[in-house]
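Asks:
Number of protein chains: 2
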Amino acid sequence: MVSIMIDYSMTSQQPAVRPNLAAALEDRGFRITRPRQRVIGAIEEQGEGFTAESLCDALQDVGRATVYRTIRHLLEVGSLCKLIMPDGTPKYSLARVEHHHHTMCINCGTVSEFRDSTIERALRSIEREIPDEIVGHRMEFYVVCAACSTHGSR
Amino acid sequence: MVSIMIDYSMTSQQPAVRPNLAAALEDRGFRITRPRQRVIGAIEEQGEGFTAESLCDALQDVGRATVYRTIRHLLEVGSLCKLIMPDGTPKYSLARVEHHHHTMCINCGTVSEFRDSTIERALRSIEREIPDEIVGHRMEFYVVCAACSTHGSR
DNA sequence: ATCATTATTGATACCATATATCAGTTAAAC
DNA sequence: GTTTAACTGATATATGGTATCAATAATGAT
Ligand SMILES: [Mn+2]
Ligand SMILES: [Mn+2]
Ligand SMILES: [Zn+2]
Ligand SMILES: [Zn+2]
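Protein chains in written order, with numbering that gives the first Met the number 0: chain B, 0 to 153; chain F, 0 to 153.
#1: For chain B, is any of its Cβ atoms less than 9 Å away from the one on Ser78/F?
#2: Tell me the DSSP secondary structure of Val76/B in three-state form.
#3: Under 9 Å between beta-carbons, which chain B residues line up against Tyr141/F? List them in chain order, please.
#4: On the DSSP letters alone, give me the boundaries of the alpha helix (DSSP H) that Gly40/B sits inside.
#5: Tell me where the beta strand (DSSP E) around Ile129/F begins and ends.
#6: Straight-line CA distance for Arg27/B to Ala94/B?
#7: Please confirm whether any heavy atom of ligand 4 lies closer than 8 Å to the CB of Val143/F.
#8: Identify, in the order they occur along the chain, each residue of the same chain with its Cβ nearer than 8 Å to the Cβ of Thr65/B, setting aside the five sequence neighbours on each side.
#9: Would you mind working out which of Leu79/B, Pro85/B and Leu54/B sits nearest His98/B, comparing C-alpha positions?
#10: For chain B, check one thing: does any of its Cβ atoms lie closer than 9 Å to the Cβ of Ile129/F?
#11: Reducing DSSP to helix, strand and coil, say where Leu24/F ends up.
#12: Do Gly108/F and Gly48/F have their beta-carbon atoms positioned less than 9 Å apart in this structure?
#13: So which of Met138/B, Pro130/B and Ser124/B has the shortest CA-CA distance to Thr117/F?
#14: Could you round the C-beta distance between Glu132/F and Val143/B to whole angstroms and report it? I think they count as a contact, below 8 Å.
#15: Find the residues of chain F that neighbour Ser148/B, judging by a C-beta separation of less than 9 Å, and give them in chain order.
#16: Do the CB positions of Ile31/F and Leu54/F come within less than 9 Å of each other?
#17: How is the alpha helix (DSSP H) around Thr149/B delimited, first residue to last?
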């Protein structure tokens, strides 16, 4: 499964700034151990739209618990995005430093990212409308990607 | 856990139009059996933000499989909304006929609904920007509701 | 370098949410 | 009423993930 990075931004076309996973953990007091280096390596290799299982498959000699723990730490630290497919199954992807959202192909699973100033303005306006204190949001778009759309669905 | 319906819409304050669950299933060729009537009854009683387990608890004599199957059918038919809490745990709520989104209190789990014309316009404009064919989206806001915010968190 | 301290690992058990199987039951159609 | 197809629910299985805990590795003094 190939994963590409597309920036649909209407405001900027700069390449994504990716977090340094090891540094992010180190900065929070986590030790950069061998198993964690292996997990980080696999994440950087798999890029967008990997799963916990795809990491475990690629790291037979690293314990499942360590893989899941490292994912959890990286999520807490903000270095990974957790995505939810329409059926509820989770996927992860390398975060970028700037706030962004995702598109996911429901056929091949390809994850792409986008920023959109209109949406961000709209989100801020909604947050002003909602009386409760907003502590987060989730917004994902499900697509049939260009490749899946042309090749037919198989 | 109390659940209220708040319509934060900037365009309309009409009460939510709820789908007729039995009719929705019947229209798709499903039989309206005793166990399904019981599940539907429990769903209508529990309202916003129930879980599969909360239905099973309320319906000791209906099989778990039947509860889950009925939820699945109602989701397929569009009569239920499936929500994902920040930790990934699912919740369900009675759909309303009109397209809408949800807020969920991360403290007490209360689910509310809203419509917002600005967001819908922004979504349409994004959908024009994204080259892939959009087949769906998910947008949820996580809040600390007014009640939890005043009573302190316990 | 050595030792003491502490974090980390990974095998295992377990949990939550949900689906697959399938023999038995119910409801619909004839 | 009989046939037929849908449905049920006990049980097994799948998936994604956490809890435990003895063994190990990294750290930070001495
Ligand atoms: Mn991302
Ligand atoms: Mn809803
Ligand atoms: Zn695709
Ligand atoms: Zn609350």
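Just so it is clear, CB atoms sit at the ideal spot from N, CA and C, and this is done for glycine as well.
Replies: In this structure, then:
#1: no
#2: coil
#3: Ile133, Val134, Gly135, His136 and Arg137
#4: Arg33 to Gln45
#5: Per DSSP, Ile129/F belongs to no beta strand (DSSP E) and is neither H nor E.
#6: 17 Å
#7: yes
#8: Pro34, Arg35 and Val38
#9: Leu79/B
#10: yes
#11: helix
#12: yes
#13: Ser124/B
#14: 5 Å
#15: Asp131 and Glu132
#16: no
#17: Ala145 to Thr149
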